[in-house]
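Encoded as structure tokens, the structure appears first; notes follow it.
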DNA sequence: ATTAGTGCAAAGTATTTGCAACAGT
DNA sequence: ACTGTTGCAAATACTTTGCACTAAT
């Protein structure tokens, strides 16, 4: 899914370099596909291999990777930005289900939003290029817990 | 739409007081129904009538009003939280269309999301209580501008 | 040589908190 | 009196920036 050669290509097209630091940061996302990592999360992971890396570098790399649309920036309202690999190639989108009780974030595959995007584009003349959908509620586990007396 | 008597009721139920400061802050939202005000925005507006008010009070009030579900907290990714009056009573939801070029935020009325919520609830056993949907794209004006040579 | 990239420390911005004073019941 | 509320200042949390140094072409 992530092709380093193709990435290096995408970097050099815009005269960016795929430095060791940037590779290691990317690797962190590859090793944690299902997670939504914050800058601090990435910093912690990455320092295991590269203890001299700076937090500013992490922030700058995350911004760069978002600009290159390799990562997608997310916001779950916990005061920090989170990132995940942007699978633009795959046609199915996923939404995030955020549990108000335990804070966990689950993914939900769906492409009903495509329909909605089309409706909006037609009615509002807005040219939509991306969307972000968050559902807030209670996950199964937390529902079961609150059922107990 | 906003009934002060009903509000005072909702406050006192939980032994909160509808203080002058809180009323003035609420009034700011009533006077700017179509806007998405940040804490700083509210602070600026409110100081015209009440110059001695503190920014911390604004923050605390916004949090309280969100807890009481009188306001809804929004996030447009510009680094600050924004708020709008939460029209829970009205059945139609609206989504936000964020222009990537000029940054303006438009509203779009729709309730197709209800369908999606039902699907998710069934498939994932997640009990959904709220959602937030953002569409990113280019507004009509900015599209027209970029058409020009 | 030139230009991009890095680490560190400092600065910036948004938000929260501790606390003494205050207000309403 | 009691308890919630306020304003101020200080603290915190996340992120960005200035700068000298390094690495890669």
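Residue numbers (our numbering), protein chains in the order written: chain A, 9 to 157; chain B, 9 to 157. We treat Cβ as the ideally placed atom computed from N, Cα and C, and that holds for glycine. Note that this is a predicted model, so its numbers are computed, not measured.
Once you ignore the five residues that flank residue i on each side, which residues in its own chain have a CB closer than 8 Å to its CB?
i, result
"residue 78 of chain B", "15, 18, 34, 93, 94"
"residue 129 of chain B", "135, 136"
"residue 160 of chain B", "One cannot answer for residue 160 of chain B here, as it falls past the ends of chain B, which runs 9 to 157."
Go ahead and label residue i buried or exposed: buried means 16 or more other beta carbons lie within 10 angstroms of its beta carbon, across all protein chains shown.
i, result
"residue 149 of chain B", "exposed"
"residue 38 of chain A", "exposed"
"residue 21 of chain B", "exposed"
"residue 140 of chain B", "buried"
"residue 127 of chain B", "exposed"
"residue 88 of chain A", "exposed"
"residue 69 of chain B", "buried"
"residue 133 of chain B", "exposed"
"residue 63 of chain A", "exposed"
Leaving out the 5 sequence neighbours to the left and right, which residues in its chain are closer than 6 Å to residue i when beta-carbon positions are compared?
i, result
"residue 105 of chain A", "114, 116, 143"
"residue 74 of chain B", "81"
"residue 157 of chain A", "For residue 157 of chain A, the predicted structure reports a pLDDT of 47, less than 50, and the residue's modelled location is therefore unreliable. The matter cannot be settled from this model."
"residue 153 of chain A", "none"
"residue 36 of chain A", "50, 53, 54"
"residue 58 of chain B", "32"
Going by beta carbon distance, what residues of the same chain come within less than 7 Å of residue i, once the five residues before and after it are set aside?
i, result
"residue 108 of chain A", "144, 145, 146"
The alpha helix (DSSP H) with residue i in it runs from where to where?
i, result
"residue 142 of chain A", "From DSSP, residue 142 of chain A is part of no alpha helix (DSSP H) but of the beta strand (DSSP E) over 135 to 146."
"residue 39 of chain A", "28 to 39"
"residue 51 of chain B", "47 to 55"
"residue 17 of chain A", "12 to 21"
How is the beta strand (DSSP E) around residue i delimited, first residue to last?
i, result
"residue 118 of chain A", "113 to 118"
Give me the Cβ distance between residue i and residue j, rounded to the nearest whole Å; I'm assuming they're in contact under 8 Å.
i, j, result
"residue 103 of chain A", "residue 119 of chain A", "Actually they do not touch by this definition, with Cβ atoms about 10 Å apart."
"residue 101 of chain A", "residue 76 of chain A", "About 20 Å; that fails the 8 Å criterion."
"residue 29 of chain A", "residue 65 of chain A", "6 Å"
"residue 124 of chain A", "residue 90 of chain A", "Rounded, the Cβ-Cβ distance is 24 Å, inconsistent with contact."
3 or more residues per run - each beta strand (DSSP E) lying fully within the segment 61 to 108 of chain A: Taken in chain order, the complete beta strand (DSSP E) segments of 3 residues or longer contained in the segment 61 to 108 of chain A are 79 to 83, 89 to 93, 101 to 107.
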